[in-house]
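Presented below is the structure to which this report refers.
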Amino acid sequence: MSILNRRALMSGLTAAGAALTLPALARTTPHWTPSWYAAPEPSGNKAQAQDLTLRQIVRLSAGGNAVRIRLSNAYGDTPLRIDALRVAHRLSGARIDHQSDRAATFDGQTAVMIPPGAYVLSDPMTLTVAAHSDLAVSLYVKGPAPLTTLHEIQRSALYVANGQQTAAAELPTAKTDIGIGNAFPWVSGVEVATPNTQALVAFGDSITDGYGITPDQGRTWPDVLSQRLSAARIPLSVVNAGISGNRLLNHGTWARFGSGALARFDRDVLAQPNVAAVALLIGINDLGHAGGPDSAGYAPLDDLKMGLSQIAARAQAHGIRTYAGTLTPFKGTAFKDYYSDEKETRRVALNAWLRGTDVFDGLFDFDKALEDPARPGWLLPGLGMADNLHPNDAGAAKMAQSIPLDSFGWARKA
Numbered sequence: 581m582s583i584l585n586r587r588a589l590m591s592g593l594t595a596a597g598a599a600l601t602l603p604a605l606a607r608t609t610p611h612w613t614p615s616w617y618a619a620p621e622p623s624g625n626k627a628q629a630q631d632l633t634l635r636q637i638v639r640l641s642a643g644g645n646a647v648r649i650r651l652s653n654a655y656g657d658t659p660l661r662i663d664a665l666r667v668a669h670r671l672s673g674a675r676i677d678h679q680s681d682r683a684a685t686f687d688g689q690t691a692v693m694i695p696p697g698a699y700v701l702s703d704p705m706t707l708t709v710a711a712h713s714d715l716a717v718s719l720y721v722k723g724p725a726p727l728t729t730l731h732e733i734q735r736s737a738l739y740v741a742n743g744q745q746t747a748a749a750e751l752p753t754a755k756t757d758i759g760i761g762n763a764f765p766w767v768s769g770v771e772v773a774t775p776n777t778q779a780l781v782a783f784g785d786s787i788t789d790g791y792g793i794t795p796d797q798g799r800t801w802p803d804v805l806s807q808r809l810s811a812a813r814i815p816l817s818v819v820n821a822g823i824s825g826n827r828l829l830n831h832g833t834w835a836r837f838g839s840g841a842l843a844r845f846d847r848d849v850l851a852q853p854n855v856a857a858v859a860l861l862i863g864i865n866d867l868g869h870a871g872g873p874d875s876a877g878y879a880p881l882d883d884l885k886m887g888l889s890q891i892a893a894r895a896q897a898h899g900i901r902t903y904a905g906t907l908t909p910f911k912g913t914a915f916k917d918y919y920s921d922e923k924e925t926r927r928v929a930l931n932a933w934l935r936g937t938d939v940f941d942g943l944f945d946f947d948k949a950l951e952d953p954a955r956p957g958w959l960l961p962g963l964g965m966a967d968n969l970h971p972n973d974a975g976a977a978k979m980a981q982s983i984p985l986d987s988f989g990w991a992r993k994a
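Those letters in the sequence shown? Residues 581 to 994, per my numbering, in order.
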């Protein structure tokens, strides 16, 4: 792209020179902030999409006057072609507000080829979006396109139809199963142009990602925290970088559990724009997905401390505040061999260290919020799923409510 066209895009013009109305962006470089995120994972299957429209619903944390979409081919081993992409306000289900419909371009082109392992950002699109609103991201692939990069936990909804229907006001769901269950393929982020809001990244495993939480209702603990921050007029966008089954030190025991937190931290936190803080809740799978001290993947207590300290050091080197969450109770979990008394001893010791260390900028005591005082190590009745590991909707809300909002006083002054 020529320098002239790059300047045109930044001032609110398309590569062809057609004027867009970007009043807030025309005078200055946009201040982009993540408003929704889904950490890419490898799918571990051989499913493909061909001649399909996929309408993915994402719930934004922050509002703004323009948006851009981040796409990922992180785990593809061949180029991925997206033939069309559009965004619009969602009305309900798969229905969109047609007046808000916008076609995305990539360097002025309506289609984009994403190399293996790469990401792309769309050009800015003028569209006013509100905090906590739903955005429909509709993409079309002529294909065949391997569904190798996705995000397994579907926090909102995915609608799939045959043919090129990205601009359809009502999307008929002609297909309900394309071989990836309820996963979100390829769309990894939505950024908004907003002058005064920074981002807080919730970085963790399935408890953060929202396993078992009612989808499409904004009920994960990062969602509820975002709502609390908005109500308190604290300008922080909360984006969810959780991956179900994720571990701190080692890659997932299954491919879909993703790269270990230490390995993916740069991609999922440091590479995002305008991140001011990160909330860490990671480590329970380092305990549960390994056996005793001689087993593969065993994580000694000192190694867990080291891993968390490394994340804090890397974040703080980039001026990012780091908040640590204590590991939540998991006695009685239904997953075979996941719990043992030795693992509980390490969990309790790690939480004691987290409460006493000055490595982090703050502590979110999720363990205290969820633990049954009458039965130490167990989730409070009514706050957990039947597996005795994952918080339910009420438990996720309790986690978010336990976070002291005065931890973010600095954000009011930023």
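We put the beta carbon where it would ideally sit given N, CA and C, even for glycine. Only a predicted model underlies this, so the values are computations on that prediction, with no experimental measurement involved.
Closest by C-alpha distance to residue i, when choosing among the options
i	options	result
Trp834	Ser824, Thr777 and Ser672	Ser824
His898	Thr788, Pro853, Thr908 and Gly863	Pro853
Leu780	Pro815, Ala811, Ala843 and Ser786	Pro815
Leu861	Gly868, Tyr903 and Leu850	Tyr903
Asp973	Pro802, Ser652, Asn742 and Asp757	Pro802
Pro775	Pro610, Leu985 and Pro953	Pro610
Arg894	Asp846, Arg935, Arg639 and Asp945	Asp846
Leu632	Pro704, Gln745 and Arg666	Gln745
Arg808	Gln628, Ala618 and Ile983	Ile983
Ala716	Leu651, Gln636 and Ala966	Gln636
Pro873	Ile793, Thr925, Glu951 and Pro971	Thr925
Asp527	Ala991, Gly957, Pro971 and Ser889	It is not possible to answer for residue 527, since the shown part of the chain is limited to 581 through 994.
Glu951	Ser920, Asn865 and Lys911	Lys911
Phe988	Met965, Ser806 and Glu922	Ser806
Pro971	Pro953, Gly832, Leu934 and Ile787	Ile787
Burial state of residue i (16 or more Cβ within 10 Å)
i	result
Met979	buried
Leu892	The amino acid at residue 892 is misidentified as Leu; the sequence shows Ala. It is buried - the Cβ of Ala892 has at least 16 other Cβ atoms within 10 Å.
Gln689	exposed
Ala857	buried
Arg955	exposed
Gly743	exposed
Gly597	Low confidence applies to Gly597: its pLDDT is 31, below 50, so where it sits in the model is not reliable, and the reading given next is rough at best. Result: exposed.
Ile763	Contrary to the premise, residue 763 reads as Ala rather than Ile in this sequence. Counting Cβ neighbours within 10 Å, Ala763 comes out buried, since at least 16 surround it.
His869	buried
Pro620	buried
Gln778	buried
Proximity of residue i and residue j at Cβ, strictly below 8 angstroms
i	j	result
Val928	Ser615	no
Leu959	Gly942	no
Leu884	Gly863	yes
Leu969	Leu930	no
Ala642	Val772	yes
Arg844	Pro795	no
Asp947	Thr913	no
Ile733	Tyr791	yes
Asn625	Gly838	no
Ala629	Ala725	yes
Ala859	Phe783	yes
Ser652	Trp766	yes
Ser768	Ala618	yes
Beta bridge counterpart(s) of residue i as assigned by DSSP
i	result
Pro726	Gln628
Pro706	Note that residue 706 corresponds to Thr in the displayed sequence, not to Pro. Paired residue(s): Ala646.
Thr902	Val858
Any non-hydrogen atom of the ligand ATP closer than 7 angstroms to residue i Cβ
i	result
Ala664	With respect to the ligand ATP, the structure offers nothing, as it holds no ligand at all.
Any 3 or more C-beta pairs closer than 8 angstroms across the segment 653-673 and the segment 722-737: The segment 653-673 is in contact with the segment 722-737.
Measuring CB atoms only, is the segment 701-716 touching the segment 634-647, in the sense that at least three cross pairs come out at less than 8 angstroms? Using a Cβ-Cβ distance cut-off of 8 angstroms, the segment 701-716 and the segment 634-647 are in contact, since at least three pairs of beta carbons, one from each stretch, lie closer than that value.
contact_flag[the segment 740-757, the segment 687-702] where n(CB pairs < 8 angstroms) is 3 or more: At 8 angstroms Cβ cutoff, the stretches do not touch.
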